[in-house]
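Trainee: First the structure, then my questions, so here it is.
Number of protein chains: 2
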Amino acid sequence: MTDISTRPASPTLDEVAVLAGVSRATVSRVVNDSPRVSPEARAAVHSAIAELRYVPNRMARSLVTRRTDTIALVLNEPNTQVFSDPFFASIVRGVSATLADTDLNLVLLTAQDEREQQKIGRYARQGHVDGVILMSVHSNDPLPDILADAGMPLVMCGRPFDDRAVAYVDADNRGGAEAATAHLIATGHSRIATITGPLDMIAGVDRLAGHRAALTAAGRQVHPELEAEGDFTEVGGARAMESLLARDPELDAVFVASDPMAVGALRALRAAGRRVPEDVAVVGFDDAAVAARCDPPLTTIAQPLTDMTPLLTELLLRQIEGVGEPAESRVCHTSLVRRASA
Amino acid sequence: MTDISTRPASPTLDEVAVLAGVSRATVSRVVNDSPRVSPEARAAVHSAIAELRYVPNRMARSLVTRRTDTIALVLNEPNTQVFSDPFFASIVRGVSATLADTDLNLVLLTAQDEREQQKIGRYARQGHVDGVILMSVHSNDPLPDILADAGMPLVMCGRPFDDRAVAYVDADNRGGAEAATAHLIATGHSRIATITGPLDMIAGVDRLAGHRAALTAAGRQVHPELEAEGDFTEVGGARAMESLLARDPELDAVFVASDPMAVGALRALRAAGRRVPEDVAVVGFDDAAVAARCDPPLTTIAQPLTDMTPLLTELLLRQIEGVGEPAESRVCHTSLVRRASA
DNA sequence: GGTCTGTGCGGGAGCGCTCTCACAGTGGCA
DNA sequence: TGCCACTGTGAGAGCGCTCCCGCACAGACC
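Residue numbers (my numbering), protein chains in the order written: chain A, 1 to 342; chain H, 343 to 684.
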């Protein structure tokens, strides 16, 4: 079979070496910035590279170095709505910016279902990436196990469900939620509801726990009918708010476990004729950009994303470099941002 | 230097071959589903693979096959807001679903600025991917040229600015916009404004052209003061609407070049005390999920995303397989979806 | 019995790179 | 002058895989 390919065969190290009149080893040294090369040889190699438009073949290099200089950020999310959550965009942007100055590449991988998670697991195990940052993990996801079993460097954004020894970076969800509800209590509200995140996600669970802890600490009762589960989307938040209102029309405050859901809740409250904050006070969680510009501006819990994203990459790189060191984790402080809604 | 790595060395083809009592070649045949293997040998290899938990090293394979079985979807977008546009989520989800049944992997690459585009260009040229789908191209982006020059199989989502020979899939933006404004004319509106997309993007340019064409076809004048440039975001849409209202308080209709912007425009109109559609009729573009649930439900132009995403991958795969064939392109029809806003 | 086709399998080269090692050349120092 | 470091360089092995080629053997056919 003759090769009728019209795609230009890319030049190899050898061709560069021949053109520059040096050995392959020297070209390799120049490409990898080794100091032990004479200025003349370096110049000759550089001009040969330019002339041939040489680009190193990463597959060949990776085969010997066992490194791809690529890390994966996995968005593990069946719900398309959530995919456009500003929280994700911020993390992606932050990690990407952190890596911009390095020669590391970032690839995003998305999984809608378990099958796609398996596929991503295979992709990682086949050696395409040096490490993985895992976002939006649900309780039954197989991916953390697949990756951990394969010995793949891994950092989770959000702590794992069980107390496994995996590195993670998380916001203090429990503390933040506690502060939110404590604020609602301190400002004199008596019937405080909550719209939780999905309870198969640790952020959902922890924020609910914080809310309950604040109630308990203040000597209040925890009322199950004042808790509605949302899904971190605006639509889900609106739906949960309607359901809470139906169950207890007298409620006078609500802690909503994410800003997109809070926007939905605000909409539902307006539709139900409630004024915010006069009739019902609302506190969100995230301090997303939307929080400042919704009506009324949303009191919310700020997640320290500017701390979290560099940490995420730092912990991962440390694992990739210092193989065998124990995985480290970090929890970042949250803070209450007071605006008009509560 | 002794290797103190604790990461388990992954087993190789050779080890599988030894354990199964066959040659490397036979293991390779089994792994690649070649029919010329006896059932006994196949079974032996399979059990050896299972026992060793063997995963083929893709770098080694790619080195010889010149294939990575990975394609990249590049989101080329400086504006983080736009990153959470539902349109992107739909494309990503669609392409991902199309590839789910194949053994092709999909990676998402994002570029916020030109430097990151260069980095992506390098990533692609180094041989990490077999082909690229490029989204959200702005007029000065260097990436299309970098990729095309490197002979990388490429399909653009949205036609290119110049009439270069690059494959693309696009919606009929001009026709859709024309239909939108024609609808506004037909329903008796006289002062029809438009909020355009970014005019450094072809979708922005084409939709504006369609709007103007509809006005001209109806014998109307094109008024520059009734055109405001948005950025495809909700915030940008609201801002553009305010500016239009300030310039011409009497306007009675507006064609908004994307649904997120239309949501912003709706908000601005409400804030300005205008009723929709009684005072001002609004038509959007996209038929995003949000269009059906905003208040009032949005009349909009549907993009045939379910046609477009399979086409995107199909055209790319055809380029990857049939090297040297001329690049093919497609334009998909749009349709008016009538709801309450116009 | 001899030749031929077909099937299953293994040997071995080679994909493009890195990296160890050896070697020639230079200069410093006793 | 002799010895030792040190520096720049090249030869060559080898990373894990695929794939071409050739061999052994089985069965079909003259």
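The C-beta atom is built at its ideal place from N, Cα and C for all residues, glycine as well.
These numbers were taken from a predicted model, which means no experiment stands behind them.
Can you name the residues of chain H whose CB is closer than 7 Å to the CB of PRO56/A?
Mentor: Neighbours of PRO56/A on chain H, chain order: GLN468.
Trainee: Between the C-alpha atoms of THR80/A and PRO428/H, what's the straight-line distance to the nearest angstrom?
Mentor: Those two C-alpha atoms are separated by around 9 Å.
Trainee: Ordered along the chain, which non-local residues of its own chain (more than five positions away) have a Cβ less than 6 Å from that of ASN515/H?
Mentor: Cβ within range, chain order: ALA545, ASP548, ARG549.
Trainee: Considering only DSSP beta bridges, list what SER335/A is partnered with.
Mentor: For SER335/A, which the question treats as bridged, DSSP gives the partners ALA302/A.
Trainee: May I ask you to report which of helix, strand or coil DSSP gives MET152/A?
Mentor: The answer is coil: DSSP assigns MET152/A none of H, G, I, E or B.
Trainee: Spell out whether any CB of chain A is found under 9 Å from the CB atom of ASN374/H.
Mentor: Closer than 9 Å: no.
Trainee: Once you ignore the five residues that flank ARG53/A on each side, which residues in its own chain have a CB closer than 6 Å to its CB?
Mentor: Excluding positions up to five away in sequence, the list is empty.
Trainee: Along the chain, where does the alpha helix (DSSP H) containing LEU557/H start, and where does it finish?
Mentor: First-last of the alpha helix (DSSP H) with LEU557/H: 544-559.
Trainee: Would you mind reading off the limits of the alpha helix (DSSP H) that contains ASP26/A?
Mentor: For the record, residue 26/A in the displayed sequence is Thr; it is not Asp. Taken as a continuous stretch (DSSP letters only), the alpha helix (DSSP H) holding THR26/A covers 24-31.
Trainee: Report the rounded CA-to-CA distance for CYS636/H versus GLY626/H, giving the unit in angstroms.
Mentor: Rounded to whole angstroms, CYS636/H to GLY626/H spans 12 Å at the Cα level.
Trainee: Am I right that VAL169/A and ALA327/A are in contact with their C-beta atoms under 8 Å? What's the rounded C-beta distance?
Mentor: With a Cβ gap of about 11 Å, VAL169/A and ALA327/A do not count as contacting.
Trainee: Tell me whether the beta-carbon of ALA148/A lies closer than 9 Å to the beta-carbon of VAL107/A.
Mentor: The answer is no: Cβ separation not under 9 Å.
Trainee: Which whole-angstrom value describes the C-beta separation of HIS470/H and THR558/H, a residue pair presumed to lie in contact below a C-beta threshold of 8 Å?
Mentor: So it is not a contact: roughly 48 Å between Cβ atoms.
Trainee: So that I know if they touch, is there some Cβ in chain H lying closer than 9 Å to that of ASP14/A?
Mentor: No - not a single Cβ of chain H is within 9 Å of the one on ASP14/A.
Trainee: How would you write the range of the alpha helix (DSSP H) that GLU458/H sits in, first residue to last?
Mentor: GLU458/H -> alpha helix (DSSP H) spans 456-465.
Trainee: For ASP231/A, I'd like the list of residues in its chain whose CB is within less than 6 Å of its CB, leaving aside the five on either flank, ordered along the chain.
Mentor: Correct list, in chain order: PRO198.
Trainee: What is the DSSP secondary structure of ALA507/H, reduced to helix, strand or coil?
Mentor: Note: ALA507/H maps to coil in three-state DSSP.
Trainee: Kindly list, in the order they appear in chain H, the residues whose Cβ is closer than 7 Å to that of GLU227/A.
Mentor: Result: empty, since nearest Cβ-Cβ is about 25 Å, beyond 7 Å.
Trainee: Residues in the same chain with beta-carbon distance under 7 Å from ARG42/A, minus the five sequence neighbours each way, listed in chain order, please.
Mentor: VAL30.
Trainee: Could you tell me the alpha carbon to alpha carbon distance between ARG247/A and ALA186/A, rounded to whole angstroms?
Mentor: Between ARG247/A and ALA186/A, the C-alpha separation is close to 24 Å.
Trainee: Check the Cβ of ARG457/H against every Cβ in chain A and list those closer than 9 Å, keeping chain order.
Mentor: The answer, in chain order, is ALA100.
Trainee: List the whole-angstrom C-beta distance separating ILE195/A from ALA288/A, where the pair is believed to meet the contact cut-off of C-beta under 8 Å.
Mentor: Their Cβ separation, rounded to whole angstroms, is 15 Å, which puts ILE195/A and ALA288/A out of contact at 8 Å.
Trainee: Excluding the 5 residues flanking LEU298/A on each side, which residues of the same chain have their C-beta closer than 6 Å to its C-beta?
Mentor: Hits under 6 Å: ALA262, GLY284, ALA291, ARG339, SER341.
Trainee: Give the residues of chain A in contact with CYS438/H, contact being defined as C-beta atoms less than 8 Å apart.
Mentor: At residue 438/H the sequence reads Ser, which differs from the Cys that was named. THR110, GLN112, GLU116, listed in chain order.
Trainee: Between which two residues does the beta strand (DSSP E) holding THR110/A run?
Mentor: Start and end: 105-111.
Trainee: May I ask you to list, following chain order, the residues of the segment 237-271 of chain A that have a beta carbon less than 7 Å from some beta carbon of chain H?
Mentor: Within the segment 237-271 of chain A, no residue qualifies.
Trainee: Excluding five sequence neighbours on each side, which residues of the same chain lie with their C-beta closer than 6 Å to the C-beta of ARG212/A?
Mentor: Excluding residues within five positions, the ones whose Cβ falls inside 6 Å are VAL222.
Trainee: Which residues in chain H sit within 7 Å of PRO86/A, going by Cβ to Cβ distance?
Mentor: Under the 7 Å cutoff, chain H gives SER426.
Trainee: Is any beta-carbon of chain A found at less than 9 Å from that of ALA402/H?
Mentor: Yes, ALA402/H counts as interfacial toward chain A.
Trainee: Going by DSSP, which residues form a beta bridge with HIS480/H?
Mentor: DSSP, once it has assigned bridges, lists MET543/H as partnering HIS480/H.
Trainee: For a contact meaning CB atoms closer than 7 Å, what does LEU647/H contact in chain A?
Mentor: Chain A residues near LEU647/H: none, gap ~12 Å exceeds 7 Å.
Trainee: Does the beta carbon of ASN515/H come closer than 9 Å to any beta carbon on chain A?
Mentor: No, ASN515/H does not count as interfacial toward chain A.
Trainee: Beta carbon of THR70/A, beta carbon of THR313/A: below 9 Å?
Mentor: Against a cut-off of 9 Å, the Cβ pair of THR313/A and THR70/A comes out as no contact.
Trainee: On a CA-only basis, which of MET201/A, THR181/A, SER243/A, ALA272/A is nearest ASP141/A? Give me that one, please.
Mentor: Answer by Cα proximity: MET201/A.
Trainee: On the premise that ALA644/H lies in contact with SER677/H, defined as a C-beta separation below 8 Å, what is that separation, rounded to the nearest angstrom?
Mentor: Contact flag correct, Cβ pair sits at about 5 Å.
Trainee: Does any residue of chain H have a CB that is nearer than 9 Å to the CB of ARG293/A?
Mentor: By this cut-off, ARG293/A is an interface position.
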